[in-house]
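Protein chains in written order, with our numbering: chain D, 1 to 155; chain S, 156 to 548. Ideal Cβ placement from N, Cα and C applies to all residues, glycine included. In what follows, a single structure is set out as structure tokens and then discussed.
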Ligand SMILES: Cc1cc2nc3c(=O)[nH]c(=O)nc-3n(C[C@H](O)[C@H](O)[C@H](O)COP(=O)(O)O)c2cc1C
Ligand code: SF4
């Protein structure tokens with residue numbers, strides 16, 4: 001049994017094999033592996049007794065369920081109206097400059113991925129972004145640079 | 156601006172150090188008494204649709220089943236809404252108390268909070284609060300447990316039947332209605348699903364009685380409501396205000412002196428242009444004079460520097476991405492609308508093409524399966540009809 005197989009067995013055993021546990025299982029695998037590979041989805045399907053197509057169909061429905069490899073720090077910049085009005089594009093440009101990648105890309109060292117997302121619920125403190133689960137609000141170009149500097153120093 | 160015309164209410168975020176006593180006192184009353192209190196209060200759902208909460212609980216209580224559920228809808232995905240997170244951060248025990256009382260009334264031992272993935276950072280503290288609350292339930296002899304279910308980035312999962320599907324481990328695709336959740340909800344069992352704020356209001360009602368709640372607001376729209384205020388305003392944030400206010404008073408209080416339009420109810424809501432500020436009120440449909448707009452509490456202000464074309468285009472992009480794709484009017488309709496307004500703007504289609512698009516939104520309203528597809532017409536029509544020239548030039 002390979003490492004992923006073992007991990008998935010463990011995750012499924014922890015949450016339970018019933019269908020209504022599929023989302024928590026998928027979420028935990030994405031979190032640990034940074035994405036959901038075809039192989040992982042096949043293993044989850046086997047372990048939970050559902051078809052791989054069904055697992056794939058469910059997983060791809062959810063925008064946070066990444067099916068291509070992502071960086072360790074996944075940045076999601078809010079693009080909905082208030083953030084857009086309050087300078088989301090400048091924030092995005094600052095991030096592209098700081099990370100030397102374009103929107104949708106991952107840095108070569110696999111540390112950062114830059115994405116956009118819909119309303120994060122911080123409109124009163126726009127512009128806002130998430131880095132993994134952490135919220136950063138009232139962003140300015142300077143603030144973006146110092147946040148990224150700080151994350152770059154993290155392991 | 157900043158005139159403080161509208162009375163600020165302080166009920167929801169008011170700390171109650173002895174919430175255990177409120178729960179104890181509430182549980183000493185009979186289920187019938189409590190349902191009557193809720194019905195008398197006039198509380199309507201704060202998630203947007205405005206269904207009477209007391210009636211919802213009553214119907215679910217009457218449904219025959221040994222398994223029932225209480226679900227707190229914390230998916231809060233409507234653009235411009237951010238109040239539910241604040242309730243769960245500041246006064247989670249009010250929501251938990253509301254859920255537990257609901258559980259006893261309808262006969263449910265299990266509750267869930269469906270928390271949107273974007274609020275995951277809250278999970279640790281929320282779980283700690285739930286643990287404390289479980290101890291209180293045990294002490295009072297109430298068999299009730301609450302669990303958090305994490306969403307994963309899908310606006311449509313805030314729609315109640317899509318939320319059940321999602322919790323069942325499936326794609327978040329809305330179901331046909333009827334059957335309604337009071338008969339057939341999570342796992343096909345009778346379920347009460349309420350917005351976070353609705354549950355917090357039930358706490359106030361149980362704590363202070365229906366009269367104190369009913370005193371606030373206007374006929375058909377009783378009580379206070381949290382408003383998430385953003386956009387071109389010097390004072391963005393969360394405010395508790397009475398229902399029934401006019402948009403004019405609202406703008407005088409929160410505008411920047413140059414407000415051109417207010418979007419009430421988020422992307423799925425309505426755009427109110429300056430000339431209609433006075434005749435438009437915020438509340439549920441009823442005997443209010445003039446136009447009355449229901450809202451989950453999202454209020455976005457736009458001043459004259461803003462392009463209403465950009466606003467509409469941003470909303471349509473949102474809907475195109477968030478449509479679950481299950482039914483054609485919505486899946487194809489949202490795409491045609493966005494391509495359509497772009498074509499008009501670029502001059503590839505005549506201005507009269509806008510009328511075709513307006514007709515398309517009418518079709519979507521009539522034929523889309525759920526509230527997402529049906530409500531695209533709200534913002535599309537109110538923006539295009541009031542700011543037609545901005546769509547063209
Ligand atoms: C597309 C769509 C998204 C929705 N999102 C939410 C949401 O995020 N939170 C919420 O409480 N209700 C949302 N609703 C409304 C729910 O379906 C449901 O009416 C509500 O949770 C009932 O609670 P209430 O009666 O307390 O308002 C949404 C509805 C639609 C059609
Ligand atoms: S209206 Fe849109 S979101 Fe609703 S079921 Fe149809 S495709 Fe899905």
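Supposed close pair residue i, residue j - CB separation, criterion 8 Å
i                      : j                      : result
residue 410 of chain S : residue 388 of chain S : 6 Å
residue 35 of chain D  : residue 67 of chain D  : 6 Å
residue 125 of chain S : residue 121 of chain D : For chain S, the structure presents residues 156 to 548; residue 125 of chain S sits outside this window and is missing.
residue 371 of chain S : residue 164 of chain S : 7 Å
residue 118 of chain D : residue 476 of chain S : 6 Å
residue 465 of chain S : residue 160 of chain S : So it is not a contact: roughly 30 Å between Cβ atoms.
residue 416 of chain S : residue 233 of chain S : With 8 Å as the limit, residue 416 of chain S and residue 233 of chain S do not qualify as a contact, their Cβ atoms being about 18 Å apart.
residue 71 of chain D  : residue 110 of chain D : 5 Å
residue 27 of chain D  : residue 305 of chain S : 6 Å
residue 474 of chain S : residue 527 of chain S : 7 Å
residue 124 of chain S : residue 385 of chain S : A query on residue 124 of chain S cannot be resolved here, the shown segment of chain S reaching from 156 to 548 and no further.
residue 198 of chain S : residue 360 of chain S : 6 Å
residue 546 of chain S : residue 496 of chain S : 6 Å
residue 215 of chain S : residue 261 of chain S : 5 Å
residue 144 of chain D : residue 94 of chain D  : 4 Å
residue 45 of chain D  : residue 54 of chain D  : 7 Å
Local Cβ density within 10 Å of residue i, reported as buried at 16 or more and exposed below that
i                      : result
residue 443 of chain S : At residue 443 of chain S, the pLDDT of 43 sits below 50, so the modelled position is not reliable; the number obtained from the coordinates is stated separately. Looking at its Cβ environment, which holds 16 or more other Cβ atoms inside 10 Å, residue 443 of chain S is buried.
residue 18 of chain D  : exposed
residue 506 of chain S : exposed
residue 154 of chain D : exposed
residue 283 of chain S : exposed
residue 3 of chain D   : exposed
residue 296 of chain S : exposed
residue 139 of chain D : buried
residue 40 of chain D  : buried
residue 533 of chain S : buried
residue 259 of chain S : buried
residue 136 of chain D : buried
residue 439 of chain S : buried
residue 394 of chain S : buried
residue 433 of chain S : exposed
residue 315 of chain S : buried
residue 1 of chain D   : exposed
residue 550 of chain S : Not covered by the structure: residue 550 of chain S. The range shown for chain S is 156 to 548.
residue 418 of chain S : buried
residue 362 of chain S : buried
residue 218 of chain S : buried
residue 102 of chain D : exposed
residue 350 of chain S : buried
Any C-beta of chain B under 9 Å from that of residue i
i                     : result
residue 90 of chain D : Absent here is chain B; the protein component of the structure consists of chains D and S.
Could you tell me which uninterrupted beta strand (DSSP E) segments, each at least 3 residues in length, are contained entirely in the stretch 46-132 of chain D, listed from first to last along the chain? Fully enclosed beta strand (DSSP E) runs of 3 or longer: 73-78, 112-117, 129-131.
So if I threshold CB-CB distances at 9 Å, which residues from the stretch 6-23 of chain D count as touching chain S? The stretch 6-23 of chain D vs chain S, Cβ under 9 Å: 18, 19, 20, 21, 22, 23.
Residues from the stretch 329-353 of chain S in contact with chain D, defined by Cβ distance under 9 Å: From the stretch 329-353 of chain S, only 341, 342 have a Cβ closer than 9 Å to chain D.
Count the CB pairs spanning the stretch 245-259 of chain S and the stretch 318-336 of chain S that are closer than 8 Å, and state whether there are at least three. At 8 Å Cβ cutoff, the stretches do not touch.
Using Cβ-Cβ distances below 8 Å, what residues of the stretch 111-123 of chain D are close to chain S? Here the close residues are 117, 118, 119, 120, 121, 122, 123.
Where in the stretch 425-480 of chain S do unbroken runs of the alpha helix (DSSP H), each at least 4 residues long, occur, reported from the N-terminal end onward? Counting only runs of 4 or more, we get 463-477.
Anything in the stretch 303-324 of chain S with a Cβ closer than 7 Å to a Cβ of chain D? List those residues in chain order, please. So the close ones are 305, 307, 308, 309, 310, 321, 322, 323, 324.
Could you check whether the stretch 274-291 of chain S touches the stretch 309-325 of chain S, counting it as contact only if at least three pairs of C-beta atoms, one from each stretch, sit closer than 8 Å? By the criterion of at least three beta-carbon pairs nearer than 8 Å, the stretch 274-291 of chain S is not in contact with the stretch 309-325 of chain S.
Please give me, in chain order, every unbroken run of the beta strand (DSSP E) with length at least 3 that falls completely inside the stretch 321-381 of chain S. Every unbroken stretch of the beta strand (DSSP E) spanning 3 or more residues and falling wholly within the stretch 321-381 of chain S is given here in chain order: 346-350.
Could you check whether the stretch 296-303 of chain S touches the stretch 454-463 of chain S, counting it as contact only if at least three pairs of C-beta atoms, one from each stretch, sit closer than 8 Å? Touching, no.
So if I threshold CB-CB distances at 8 Å, which residues from the stretch 41-66 of chain D count as touching chain S? Answer set for the stretch 41-66 of chain D: 57, 58, 61, 62, 63, 64, 65.
Would you call the stretch 177-190 of chain S in contact with the stretch 113-129 of chain D, where contact means no fewer than 3 C-beta pairs closer than 8 Å? They do not touch, by the three-pair rule.
Whether or not the stretch 477-492 of chain S and the stretch 68-79 of chain D are in contact is what I'm after, with contact meaning three or more pairs of Cβ atoms, one per stretch, closer than 8 Å; do they touch? Too few Cβ pairs lie closer than 8 Å, so no.
Near-chain S residues of the stretch 130-144 of chain D - C-beta to any C-beta below 8 Å: Within the stretch 130-144 of chain D, the residues whose Cβ lies closer than 8 Å to some Cβ of chain S are 130, 133, 134, 135, listed in chain order.
Flag this pair as touching only if the stretch 374-390 of chain S and the stretch 218-229 of chain S have three or more C-beta atom pairs under 8 Å; answer yes or no. Contact fails: fewer than three Cβ-Cβ distances are below 8 Å.
For the stretch 374-398 of chain S, which residues have a CB atom closer than 8 Å to at least one CB atom of chain D, in sequence order? Taking 8 Å as the Cβ-Cβ cut-off against chain D, the residues of the stretch 374-398 of chain S that qualify are 383, 384, 385, 386, 387, 391, 392, 393.
Could you run through the stretch 68-83 of chain D and flag, in chain order, every residue whose CB is less than 7 Å away from some CB of chain S? Hits within the stretch, in order: 80, 81, 82.
Is it a yes or a no for the stretch 338-351 of chain S touching the stretch 213-224 of chain S, going by three-plus beta-carbon pairs under 8 Å? The answer is yes - the stretch 213-224 of chain S touches the stretch 338-351 of chain S, with three or more Cβ pairs under 8 Å.
Counting Cβ pairs closer than 8 Å, one from the stretch 396-407 of chain S and one from the stretch 514-523 of chain S, do we hit at least three? For the pair of segments examined, the stretch 396-407 of chain S was found not to touch the stretch 514-523 of chain S: the number of CB pairs separated by less than 8 Å stays below three.
Output needed in chain order: residues of the stretch 197-222 of chain S with a Cβ under 7 Å from some Cβ in chain D. Those would be none; no residue qualifies.
Interfacial residues, the stretch 473-489 of chain S to chain D, with Cβ spacing under 7 Å: Of all residues in the stretch 473-489 of chain S, 473, 476, 477 have a Cβ within less than 7 Å of some Cβ in chain D.
To be precise: take each residue of the stretch 224-240 of chain S, compare its Cβ to all Cβ atoms of chain D, and keep it if any distance is under 7 Å. Which residues remain? Residues of the stretch 224-240 of chain S whose Cβ lies closer than 7 Å to any Cβ of chain D, in chain order: 231, 232, 234, 235, 236, 237, 240.
Beta strand (DSSP E) segments (min. 3 residues) lying fully within the stretch 283-309 of chain S: Whole beta strand (DSSP E) segments, 3+ residues: 300-305.
Runs of alpha helix (DSSP H) lying entirely within the stretch 8-50 of chain D, each at least 4 residues, in chain order: Taking only runs of at least 4 residues, the alpha helix (DSSP H) segments lying wholly in the stretch 8-50 of chain D are 22-33, 38-48.
Quick one: complete beta strand (DSSP E) runs, 3+ long, within the stretch 189-271 of chain S? Segments of the beta strand (DSSP E) lying fully in the stretch 189-271 of chain S: 224-229, 265-270.
What are the residues in the stretch 247-276 of chain S lying within 8 Å of chain D by C-beta distance? For the stretch 247-276 of chain S, which is checked against every Cβ of chain D, the residues closer than 8 Å are 271, 272, 273, 274, 275, 276.
Which runs of the beta strand (DSSP E), 3 residues or longer, sit entirely within the stretch 384-423 of chain S? Within the stretch 384-423 of chain S, the complete beta strand (DSSP E) runs of at least 3 residues are 392-397, 414-419.
Using a Cβ cut-off of 8 Å, which residues of the stretch 458-471 of chain S contact any Cβ in chain D, in chain order? The residues in question are 461, 465, 466, 469, 470.
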